[in-house]
Amino acid sequence: MKNVIERIKKLTETIHRPIKLMEVCGTHTVAIFRFGVRDVLPNEIKMLSGPGCPVC
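Numbering (our numbering), first residue to last: 19 to 74.
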């Protein structure tokens with residue numbers, strides 16, 4: 019997992035702009051919160067809560 023986090027950090031350094039990722043489903047939001055994904059992402063990556071899953 020540390021390798022993945024380091025690779026994400028290196029990629030954000032090469033992009034030179036903020037990155038916004040949308041959580042489409044409420045289950046995504048719960049999993050991201052539960053496992054602390056936001057805490058390990060670089061500040062350049064913002065997680066946005068989306069409209070919700072049309073199935074739920």
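Where is the CB? At the ideal position from N, CA and C, for every residue including glycine.
Should residue i and residue j be called a contact, given that it needs their Cβ atoms to be closer than 8 Å?
i: Leu39; j: Met65; result: yes
i: Ile12; j: Glu41; result: Given that the chain is displayed from residue 19 to residue 74, the structure contains no residue 12 and the question cannot be resolved.
i: Ser67; j: Thr45; result: no
Could you check which residue in the options has the C-alpha nearest to that of residue i?
i: Ile3; options: Gly70, Pro72, Thr45, Val55; result: Outside the displayed span of the chain (19 to 74) sits residue 3, for which this structure offers no information.
i: Pro36; options: Pro69, Leu59, Pro72; result: Leu59
i: Ser71; options: Asp57, Arg25, Cys43; result: According to the sequence as given, residue 71 is Cys; it is not Ser. When each option's Cα is compared against that of Cys71, the closest is Cys43.
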